[in-house]
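Residue numbering for the sequence shown follows our numbering, beginning at 2 and increasing consecutively.
Just below is one structure, and these are the notes that go with it.
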Amino acid sequence: MLNKTCFFLFILTLFSCNNPSFLEFKNFKNGWNKYEELEFRLITESPNTSKDIFFILRHNQDYPFSNIFLISELYFENNEIEIDTFEFKLANARGEWLGQKKISVVEHRLPFKKNFILKNNKLKIRTSMRLNNSSEEIENLLGITNFGILIN
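Here is the structure:
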């Protein structure tokens, strides 16, 4: 009886874990340069099931903005490209970071796609930040330490 109970608890624990099916990060030494386009191959072990995709952004206290603008290019098998611009709020009106604080880094989990069926997709991401009343993109976003993709 004890063996059956232990086996049941093991199976329950195994299926209750919410491990990501894909997690990949790109690291920055001195911030995220506007010319640095990130590329990810979106891979999953279960390609015909719907997945949620998140951007994971990490920055330190040197990041001077309360938001970030990103441009994504999502490539499909049939050669279609879906281009989107996203604005993500990273701090509240009092300047307090909205993400999870981990020692000297703040981590934000930003929603990208919900219930998305992956089929050999490629994703490119770049920044698109400008100062108010300026048409020029900011050369380098200081304080950004990592950017990643999480698929659940």
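Positions of the beta carbon are idealized from the N, C-alpha and C atoms, including for glycine.
Quick caveat: nothing in here was measured; it's all calculated off a predicted structure.
- prompt: Smallest Cα separation from Glu74: which of Thr128, Glu83, Leu151?
  reply: Within the sequence shown, numbered from 1, the residue matching residue 74 stands at position 73. Per the Cα distances, Glu83.
message: My output table needs one value for Asn28: the three-state DSSP class, helix, strand or coil.
response: To locate residue 28, count along the sequence shown from 1; it is residue 27. Correct three-state label for Asn28: strand.
field: Straight-line gap, Glu40 to Arg127 (C-alpha atoms, nearest Å)
entry: By 1-based counting over the sequence shown, the position of residue 40 is 39. By 1-based counting over the sequence shown, the position of residue 127 is 126. Rounded to the nearest angstrom, the two C-alpha atoms are 9 Å apart.
field: Backbone secondary structure at Leu99 - three-state DSSP
entry: Start at 1 with the first residue of the sequence shown, and residue 99 comes out as number 98. Note: Leu99 maps to coil in three-state DSSP.
- request: Starting from the Cα of Lys27, find the closest Cα among Glu46, Asp53, Asn49, Ile57 and give me that residue.
  value: Taking the sequence shown and counting its residues from 1, the one referred to as residue 27 is at position 26. That would be Ile57, whose Cα lies nearest to the Cα of Lys27.
- prompt: Short check: CB of Val107 to CB of Trp98, under 8 Å?
  reply: Reading the sequence shown from its first residue, position 106 is the one you call residue 107. Reading the sequence shown from its first residue, position 97 is the one you call residue 98. The criterion of a C-beta distance shorter than 8 Å is satisfied by Val107 and Trp98.
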